[in-house]
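Chemist: Would you mind keeping the following structure in view while I ask a few things?
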Amino acid sequence: MPIKISYGVELNYASFVELLLDRAQTNPEHNIYRYLHRGETEVARLNYGELDRQARAIAALLQSRTRKGDRVLLLYPPGLDFIKASFGCMYAGVIAVPAYPPKPNRKLSRLEAIIKDARATLILTTSFLLSRTERQLALEPELAAIPWLTSDDVEPEAAASWNRVEIDENDLAFLQYTSGSTGNPKGVMVSHKNILHNSALVHQAYGHSVASRGVIWLPTYHDMGLIGGVLQPLYGNFPVTLMSPLDFLQKPIRWLQAISQYRATTSGGPNFAYELVCRKVKPEQLAELDLSSWEVAFTGAEPIRAATLDRFTATFAPCGFRREAFYPCYGMAETTLIVTGGLKSANPIVEQIDPVALEQQKVVTPKTGEPARQIVGCGQSASGLTVAIADPQSGMTLKEREIGEIWVAGASVTRGYWQKPAETKASFDAYFTDTKEGPFLRTGDLGFLSDGELFVTGRIKDFIIISGQNYYPQDVELTVEQSHPALKPNSSAAFAIEGKSSEELVVVQEVERTYLRKLDPKAVIATIN
């Protein structure tokens, strides 16, 4: 049964397969994807007709080796081959499992754990990546035993052999493996209904239209890069320019240069990306940028710092960037992608909170002149989703401005963790003990609501308790980073370990390369203390 979604755009499809087939039939020459080599030079394009033909050809190959519902691991370097393979999997009715491609001369333990958990039937990759990995496979017999197929050399004529598969909206489209321990990966089960529903929410929240244009450097094996960067442009029928995450990290200004050149209206990333550009940009580069087309600068996936929003705005306002373009949002793989977001073209909402009260899980507005911590709001719940705050121990509902665990319900909430019924029940089947409402997804994140606006304060599992005092790791990390110029921003990790008599705080901090030879560790430690 097709799902009809009308959040800003009228569509009536059961899957992205039907959507692409329709796009390819009605507008085959429309260019949808562009890829930049080294983040600067256009080397490849894909229009709807080409993507449809490639997907059919890859699907035909898969259908000769798999059955509907089999899991196929996707190992691809940044580029358009991943997009072709993803739709090839959808066309074949198999479940794609995007994963980070193995690095040369590195152990493949995490990759093996994902393959074992997903019970992958085969691995789909490129000829180049397969040749580069063959030496590693010789040392990994279990991994080598799984068939490896290459999709970049599939003949276009193979498309004629494709047999269309009936896809139900509740069928799984892919498994999104979350970051976690190598030995215990968790594959989030994302259905076709989930991605259609969440794509509609993103389309509405960002105010997308056929006039929109995207620039994305986020990795496509991650939910933000896959749902937001690959599927959203096709859903909204607008072009997107893609580049490698590594090319961005090596030279962050490439991101803004692409936005300027291709007149992008939508682009974004985690907080660190905005901070990195501010640190690396040179004054003479500002004159080359025109960011006036940028309407939605989304930011999420990690704590959003008000100071970063201020610094980025001050740095790039001369280039036409507007603070109201910032779009703080909240989401996760378990909800497909987006959960909350603000109003387009509205300034981000920033709350001033008493930091001491916050450590005790209380929201108190500080008095004038007293210390304050700034918390950036992540918007309100998207249409069709319910966001509530629960006491993580009792499961009781909490009122506005009371800190608790963020719970989410709605059609974007995925079906749980692959082959993990106990963990699925614990996380995806929560009911309030007082109102009996449910089921909800327990996100594991802490936060509070204020006039419907969601403020995220941290992670339950990351909470650090030292001598009975509560600490948020991101607060400790920020304090350490700002204590000495030798310490590199956004490059620290604070956590607790079990000491002889109590928990002890540990902070791992990267040092700026320019300070390595002249650094006096004792002086830095004294400054931090």
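Counting the sequence shown from 1 gives a position; my numbering is that position plus 45.
C-beta atoms are modelled at their ideal positions from N, C-alpha and C, and glycine is treated no differently.
These numbers were taken from a predicted model, which means no experiment stands behind them.
(1) Less than 9 Å between the C-beta atoms of Ile168 and Lys129, yes or no?
(2) Kindly indicate which residue of Lys412, Gly281, Leu321, Phe317 has the alpha-carbon position closest to the one of Thr311.
(3) Any idea if Gly176 is buried or exposed, counting beta-carbon neighbours within 10 angstroms, 16 or more meaning buried?
(4) Ordered along the chain, which non-local residues of its own chain (more than five positions away) have a Cβ less than 6 Å from that of Ile159?
(5) Please classify Asn239: is it buried, with 16 or more other beta-carbons within 10 angstroms of its beta-carbon, or exposed?
(6) Threshold first: 3 residues or longer. Then list the beta strand (DSSP E) segments lying entirely within the stretch 345-427, N to C.
(7) With DSSP as the reference, label Ala141 as helix, strand or coil.
(8) State the DSSP-derived secondary structure class of Ile261, mapped to helix, strand or coil.
(9) Helix or strand or just coil, what does DSSP make of Met441?
(10) If I measure Cβ to Cβ from Cys323 and keep anything under 6 Å in the same chain, skipping five residues before and after, which residues do I get?
(11) On the criterion of 16 or more Cβ atoms from any shown chain inside 10 Å, does Ala250 qualify as buried, or is it exposed?
(12) Quick one: grab the DSSP three-state call for Ser196.
(13) Go to Val453, then tell me how far its beta strand (DSSP E) extends in each direction, as first and last residue.
(14) Tell me where the alpha helix (DSSP H) around Glu468 begins and ends.
(15) Quick check on Ser60: buried or exposed, where buried means 16 or more other Cβ atoms within 10 Å of its Cβ?
(16) Where does Arg68 land, buried or exposed, given buried means 16+ other C-beta within 10 angstroms?
(17) Using the C-alpha atoms, what's the distance from Ala100 back to Lys407?
(18) By Cβ distance, which residues of its chain are closer than 8 Å to Ala402, with the 5 residues on each side in sequence left out?
(19) Are the beta-carbon atoms of Ser131 and Val326 separated by less than 9 Å?
(20) Using DSSP's beta-bridge definition, name the partner residues of His596.
(21) I need the straight-line Cα distance from Ala89 to Ala467, nearest angstrom please.
(22) Cutting at 7 Å between CB atoms, please list the residues of its own chain near Tyr266, excluding the five before and the five after it.
(23) Assuming Phe293 and Trp262 make a contact with CB atoms under 8 Å, what is their CB distance in whole Å?
(24) For Leu184 and Ala163, I'd like the C-alpha separation in whole angstroms.
(25) Are the CB atoms of Gly84 and Arg258 within a distance shorter than 9 Å?
(26) So, at 7 Å on beta carbons, what are the nonlocal neighbours of Leu182 in its own chain, with the 5 sequence-adjacent residues on each side left out?
(27) Please state whether DSSP places Gly228 in a helix, a strand or coil.
(28) Of the residues Leu156, Gly376, Ile304, which one's Cα is nearest the Cα of Phe500?
(29) Applying the 10 Å Cβ sphere with the 16-neighbour rule, what's the burial state of Val139?
(30) Excluding the 5 residues preceding and the 5 following Gly497 in the sequence, name in chain order all residues of the same chain whose CB lies nearer than 7 Å to its CB.
(31) Do Gly252 and Val341 have their C-beta atoms closer together than 9 Å?
(32) Inspect the beta-carbon positions of Ala204 and Ala141 and report whether they are closer than 9 Å.
(33) Where Leu279 and Ala309 are concerned, what is the direct C-alpha to C-alpha distance, given to the nearest angstrom?
(34) Assign Met234 to one of three DSSP states: helix, strand, or coil.
(35) I need the straight-line Cα distance from Val285 to His75, nearest angstrom please.
Modeler: So, from the listed chains and residues:
(1) The residue given as residue 168 occupies position 123 in the sequence shown. The residue given as residue 129 occupies position 84 in the sequence shown. Cβ atoms of Ile168 and Lys129: not closer than 9 Å.
(2) Here the question's residue 311 lines up with position 266 in the sequence shown. With distances taken between Cα atoms, Thr311 lies closest to Gly281.
(3) Reading the sequence shown from its first residue, position 131 is the one you call residue 176. It is worth fixing the name first, because residue 176 is Ser in this sequence and not Gly. So Ser176 counts as exposed.
(4) Mapped onto the sequence shown, residue 159 falls at position 114. Cβ within range, chain order: Ala144, Tyr222, Pro230.
(5) Within the sequence shown, the letter at position 194 stands for residue 239. Buried.
(6) 371-376, 383-386, 395-398, 418-421
(7) Taking the first residue of the sequence shown as position 1, residue 141 is located at position 96. Correct three-state label for Ala141: strand.
(8) Residue 261 sits at position 216 when you count from the first residue of the sequence shown. Reduced to three states, the DSSP call for Ile261 is strand.
(9) Taking the first residue of the sequence shown as position 1, residue 441 is located at position 396. Coil at Met441, not helix or strand.
(10) As a first step, residue 323 must be located in the sequence shown, where it is residue number 278. Around Cys323: Arg356, Phe357, Thr360.
(11) The residue you call residue 250 lines up with position 205 of the sequence shown. By the neighbour-count rule (16 or more Cβ atoms within 10 Å), Ala250 is buried.
(12) Position 151 of the sequence shown, counted from the start, is the residue given in the question as residue 196. Looking at Ser196 - three-state DSSP - the assignment turns out to be coil, as it is neither helix nor strand.
(13) The sequence position of residue 453 within the sequence shown is 408, counting from 1. Taken as a continuous stretch (DSSP letters only), the beta strand (DSSP E) holding Val453 covers 449-455.
(14) In the sequence shown, counting from the first residue as 1, residue 468 sits at position 423. Looking at the DSSP string, the run of the alpha helix (DSSP H) that includes Glu468 is 466-473.
(15) Numbered from 1 along the sequence shown, position 15 holds the residue referred to as residue 60. With 16 or more Cβ atoms within 10 Å of its Cβ, Ser60 is classed as buried.
(16) Looking up residue 68 in the sequence shown gives position 23. Answer is buried; the Cβ neighbour count reaches 16.
(17) Taking the sequence shown and counting its residues from 1, one reaches residue 407 at position 362. Taking the sequence shown and counting its residues from 1, one reaches residue 100 at position 55. Going from the Cα of Lys407 to the Cα of Ala100 covers about 52 Å.
(18) Counting from 1 along the sequence shown, the entry for residue 402 is found at position 357. Here the set comprises Val408, Val409.
(19) The count along the sequence shown starts at 1 and reaches residue 131 at position 86. The count along the sequence shown starts at 1 and reaches residue 326 at position 281. No, Cβ-Cβ distance for Ser131 and Val326 is not below 9 Å.
(20) For the chain, the structure presents residues 46 to 574; residue 596 sits outside this window and is missing.
(21) Looking up residue 89 in the sequence shown gives position 44. Looking up residue 467 in the sequence shown gives position 422. Each residue's alpha carbon lies about 45 Å from the other.
(22) Here residue 266 is taken as the residue at index 221 of the sequence shown, counted from 1. Only Pro143, Ala144, Tyr145 meet the Cβ criterion.
(23) Locating residue 293 in the sequence shown gives position 248, where the first residue counts as 1. Locating residue 262 in the sequence shown gives position 217, where the first residue counts as 1. Contact holds; Cβ gap of about 4 Å.
(24) The sequence position of residue 184 within the sequence shown is 139, counting from 1. The sequence position of residue 163 within the sequence shown is 118, counting from 1. Rounded to whole angstroms, Leu184 to Ala163 spans 21 Å at the Cα level.
(25) Position 213 of the sequence shown, counted from the first residue, corresponds to residue 258. Position 39 of the sequence shown, counted from the first residue, corresponds to residue 84. In this structure, Gly84 does not lie closer than 9 Å to Arg258 by Cβ.
(26) The sequence position of residue 182 within the sequence shown is 137, counting from 1. So the list reads Leu188, Ala189, once near-sequence residues are dropped.
(27) Position 183 of the sequence shown, counted from the start, is the residue given in the question as residue 228. Low confidence applies to Gly228: its pLDDT is 48, below 50, so where it sits in the model is not reliable, and the reading given next is rough at best. Of the three classes helix, strand and coil, the one that applies to Gly228 here is coil, per DSSP.
(28) Locating residue 500 in the sequence shown gives position 455, where the first residue counts as 1. Ranking the options by Cα distance to Phe500, first place goes to Gly376.
(29) Along the sequence shown, one-based indexing puts residue 139 at 94. By the 10 Å Cβ count, Val139 comes out buried.
(30) Taking the first residue of the sequence shown as 1, we reach residue 497 at position 452. Cβ neighbours of Gly497 beyond the five flanking positions: Gln425.
(31) Within the sequence shown, residue 252 is the residue found at index 207, counting from 1. Within the sequence shown, residue 341 is the residue found at index 296, counting from 1. Yes, the Cβ-Cβ distance between Gly252 and Val341 is below 9 Å.
(32) In the sequence shown, residue 204 corresponds to position 159, counting from 1. In the sequence shown, residue 141 corresponds to position 96, counting from 1. Cβ distance not < 9 Å, so Ala204 and Ala141 don't count as in contact.
(33) Walking along the sequence shown from the start, residue 279 turns up at place 234. Walking along the sequence shown from the start, residue 309 turns up at place 264. Cα to Cα, the separation comes out at about 16 Å.
(34) Residue mapping note: residue 234 aligns to position 189 of the sequence shown, counting from 1. Of the three classes helix, strand and coil, the one that applies to Met234 here is strand, per DSSP.
(35) For the purposes of this step, residue 285 is taken as the residue at position 240 of the sequence shown. For the purposes of this step, residue 75 is taken as the residue at position 30 of the sequence shown. Spanning the two alpha carbons is a distance of roughly 12 Å.
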